[in-house]
Amino acid sequence: MKRKLIAAIGVATMIAGVAACGSDKKDDTAAKPADRKDTVTVWLMSDAQSTWPELVKSVNDQFKAKYPNVTVKVQYQQWSDKVQKLDAALSGSSAPDVVELGNTETMTYILNGALAEVDKTKFENSATWIKGLEDTCSYQGKLYCVPYYAGARVAIYNADVFKAATGSADLPKTETDLTAALDKIAAAKGADKAYSPLYLPGEYWYAAMSYVKAYGGQIAKYDGGKWTGTLSSPEAQEGLKHFIELVNKYNHGDKTKDEADHAAVMAQEKTALIYGNGWESGSVVDTKAPGNPKLKDAIKTAGMPGPNGKALPSFIGGSDLAVVGKSKVQDLAKEWIASFTSEKSEAVLASKKILPNNTKQLEPLKSDPATAPIANAVPDAWFTPIAPGWATIEKQNILKNMLLDIIKGKSIADATKAADDKINSLINNAS
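According to numbering that gives the first Met the number 0, the sequence shown holds residues 0 to 430 in order.
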């Protein structure tokens with residue numbers, strides 16, 4: 000999915016909005032740093048508060064040293080309601096100056112003119128930004144946000160459970176060997192009816208689409224100037240069939256849930272294997288509830304074996320940082336982002352098994368046993384359609400609802416056709 004394809008959308012009102020966003024704001028750049036008496040409001044997701052608060056403090060302290068009379072207000076948000084809160088703030092007078100956006104959220108705000116253009120050359124390591132992140136910030140040759148961090152999904156497993164059942168603490172490298180190991184674990188844990196050898200929730204659409212990708216399918220394709228849903232293709236249906244078979248065979252919990260609690264399920268020792276973000280291995284053993292620090296030496300990560308003898312393709316997740324077009328302190332907002340995404344700052348993220356925003360700092364992680372599984376998943380990763388209506392598709396839970404229908408007995412053919420119809424009604428329209 001190339002950026003030039005997005006440029007062909009050609010909706011005049013959207014282009015006008017993008018062209019205007021933020022470029023006419025006057026920044027007080029002539030004032031001396033000590034004379035600035037402004038407030039910069041930053042919206043970060045709660046991950047920063049719980050996992051790298053020292054980085055936030057360090058950057059704010061550094062900013063305070065340069066701008067002693069500028070106040071940086073960091074307000075932490077939850078993924079569950081951030082979009083709704085941001086939409087409300089943008090329509091009023093309480094919008095933040097800096098906002099963290101998931102990389103599937105950015106296109107909507109770029110197209111509706113909510114974000115200010117930024118200069119790529121002002122940010123460290125921008126020449127080696129991970130392409131999957133930079134693409135989500137780009138439109139018609141201009142940049143509207145800055146990559147913050149990347150994320151890839153891997154196998155997170157309990158090595159002690161695998162060793163007890165199979166004789167080896169290593170995760171099998173092929174899916175055939177993996178399912179054989181899961182069968183042995185199922186036999187060993189047979190007395191516990193709530194134990195899932197593989198906890199793979201039925202509504203886990205990121206995992207489901209990875210199996211779709213493994214079989215050569217995709218969510219949608221761009222052709223002839225528009226996007227079209229392709230979940231009803233033979234390849235996509237085969238991937239979904241494979242995913243559902245794994246769910247039904249190895250998930251002995253509630254199959255109608257999503258992945259929100261899978262780290263907690265592993266911490267409760269009710270599964271031997273989950274497919275999650277690399278950093279979630281830390282959540283499993285966290286000293287704070289619902290983590291279980293007793294599992295610290297048992298929880299490991301590895302590449303997830305996929306069908307056809309290959310690794311399972313991972314979704315490339317992550318976050319970007321943007322300056323809101325309505326901000327009256329855009330220069331300060333951009334400078335704060337530059338500091339927060341500097342090489343020094345990205346090194347802090349890398350130390351916590353969070354993938355940095357650039358390939359320069361990603362490369363050493365590929366050979367570090369602690370980070371190799373997630374770092375090596377990036378090159379072959381997939382991403383959601385970079386289409387104007389994608390955020391609406393996510394918001395309406397079209398993929399989750401499709402999976403739920405299949406779990407409840409609807410045929411894959413009927414469920415995917417219905418999903419494609421809904422996708423086609425939304426994907427080409429900016430929300």
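Positions of the beta carbon are idealized from the N, C-alpha and C atoms, including for glycine.
The structure displayed is predicted, hence computed values, not measured ones.
Under DSSP, the alpha helix (DSSP H) around K183 begins and ends at which residues? E174 to A187
Could you check what DSSP says for P292 in three-state terms: helix, strand or coil? helix
Proximity below 7 Å, CB of A271 to CB of F242: no
At which residue ranges does the region 262 to 288 contain complete alpha helix (DSSP H) runs of 4 or more residues, listed in the order of the chain? 279 to 283
Since A151 contacts A376 with CB under 8 Å, what's their CB separation in whole angstroms? 4 Å
Between G201 and N247, what straight-line distance do the alpha-carbon atoms span, to the nearest angstrom? 8 Å
Could you give the distance in angstroms between the alpha-carbon of K212 and the alpha-carbon of G238? 7 Å
Spell out a yes or no on whether the region 62 to 79 and the region 282 to 300 are touching, meaning 3 or more CB-CB pairs, one atom from each, closer than 8 Å. no
Quick one, which of E104, N307, K240 and K65 has its alpha-carbon nearest T391's? E104
For Q236, count neighbouring Cβ atoms within 10 angstroms of its own Cβ and tell me buried if that reaches 16, exposed if not. buried
On the DSSP letters alone, give me the boundaries of the alpha helix (DSSP H) that K394 sits inside. W389 to K394
Taking the alpha carbon of E123 as the reference point, which residue from E345, Y210 and L354 has its own alpha carbon closest? E345
Given Y205, which residues of its chain have a CB within under 6 Å of its CB, disregarding the five upstream and five downstream residues? F314
Can you say whether A414 is buried or exposed, counting buried as having 16 or more other CB atoms within 10 angstroms of its CB? buried
Element boundaries [alpha helix (DSSP H), containing A374]: A371 to A374
Counting along the chain, where does the alpha helix (DSSP H) carrying P52 start and finish? P52 to K65
Rank D86, K256 and K416 by C-alpha distance to the C-alpha of K407 and give the top, closest one. K256
The region 272 to 283 / the region 213 to 226 touching (three or more Cβ pairs under 8 Å): no
Run through DSSP, which three-state label would P368 get? coil
Rounded to a whole number of angstroms, what is the C-alpha to C-alpha distance between F62 and W335? 7 Å
L354 versus T120 - alpha carbon distance: 21 Å
On the three-pair Cβ rule with 8 Å, is the region 324 to 332 touching the region 398 to 412? no
Over what stretch of residues does the beta strand (DSSP E) that includes W226 continue unbroken? K225 to G228
In terms of DSSP beta bridges, what is W128 paired with? N357
Length at least 3, wholly inside the region 60 to 146: the beta strand (DSSP E) runs in chain order: 70 to 76 and 97 to 101
With DSSP as the reference, label M44 as helix, strand or coil. strand
Taking K351 and W278 to be in contact with their CB atoms under 8 Å, please state how far apart those CB atoms are, rounded to whole angstroms. 7 Å
Can you give the beta carbon distance from A149 to N276, rounded, assuming they're within the 8 Å contact cut? Incorrect: roughly 10 Å between the Cβ atoms, too far for contact.
Give me the DSSP bridge partner(s) of R152. N276
Which one of K172, D260, G223 and G91 has the shortest CA to CA distance from Y203? D260
Three or more C-beta pairs below 8 Å linking the region 306 to 313 and the region 128 to 147: no
Bounding residues of the alpha helix (DSSP H) (the contiguous stretch that carries Y198): Y198 -> no alpha helix (DSSP H), and no H or E assigned at all.
Helix, strand or coil, according to DSSP, for Y210 in the structure here? helix
Taking L436 as part of the alpha helix (DSSP H), name the residues at either end of that continuous run. Any property of residue 436 remains undetermined from this structure, which presents the chain solely from 0 to 430.
List the DSSP bridge partners of Y221. W226
Please state the DSSP three-state secondary structure of L403. helix
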